[in-house]
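Right, one structure below, let's go through it.
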Amino acid sequence: MSADRRVYPRAKLKWPVKIKTDEGVMEGVTLDITPDGCFISCRKPLKLNVVFDMAIKVPKSKAILKANAEVVWSNIYGPDDEISPRGMGVRFIKMASEARKFIAQASLEHFKSVNLEPELLQTLSTLVIDL
């Protein structure tokens, strides 16, 4: 998802992910996340527009956030480095409002130590309150 279309700031939270596809289950880790989607670092990223089910395990919590997601960006063949890690950007198609709220709250906690623009923090705060 391009930066100009993104509503929420990306929180750099590394949470384990299980991805269920027709070929089986694949594991990865989020490198950043918003209530609308995330970037998943994984060995074999899926192709663009592939829709799949996923489960995000939140560290130090019993929470497992389930979602139906679509691949909107994929680094299948490019380099796997800090600038362009192997993985895929996904948009959450279906996710419980409580799961989105959980992500927004975790993002707010993450951004407490970062000098983030007040209006971006406000969008997350509004989501936490509204859901």
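The opening residue of the sequence shown carries number 47 in the numbering used here; numbering runs sequentially from there.
Positions of the beta carbon are idealized from the N, C-alpha and C atoms, including for glycine.
Exposure label - residue i; buried when at least 16 CB within 10 Å
| i | result |
| --- | --- |
| Pro91 | buried |
| Val136 | buried |
| Lys158 | exposed |
| Ile149 | buried |
| Arg89 | exposed |
| Ala152 | buried |
| Gly124 | exposed |
Residues of its chain near residue i, where Cβ-Cβ distance is below 6 angstroms and the 5 sequence neighbours each way are ignored
| i | result |
| --- | --- |
| Asp99 | Lys66, Asn114 |
| Asp154 | According to the sequence displayed, residue 154 carries Leu and not Asp. The answer, listed in chain order, is Leu170. |
| Leu111 | Ile102, Ala145 |
| Pro131 | Ser87 |
Beta-carbon proximity list for residue i, same chain, < 8 angstroms, skipping 5 on both sides
| i | result |
| --- | --- |
| Thr172 | none |
| Asp78 | Arg56, Ala57, Lys58, Leu59, Cys84, Phe85 |
| Lys93 | Val117, Ser120, Ile122 |
| Pro164 | none |
Three-state secondary structure assigned by DSSP to residue i
| i | result |
| --- | --- |
| Lys58 | coil |
| Glu14 | Outside the shown range of the chain (47 to 177) lies residue 14, about which nothing can therefore be said. |
| Val63 | strand |
Nonlocal neighbours in the same chain, by C-beta distance under 7 angstroms from residue i, ignoring five residues either side
| i | result |
| --- | --- |
| Lys64 | Val71, Glu73, Met100, Ala101 |
| Thr76 | Leu59, Lys60, Trp61, Val63, Cys84, Phe85, Ile86, Ile102 |
| Ala109 | Phe148 |
Bridge-paired residues (DSSP) for residue i
| i | result |
| --- | --- |
| Asp82 | DSSP, once it has assigned bridges, lists no residue as partnering Asp82. |
Check: Which parts of the stretch 89-173 are runs of the beta strand (DSSP E), unbroken and 3 residues or longer, counting only runs that do not cross its ends?
Finding: 97-103, 110-121, 133-141
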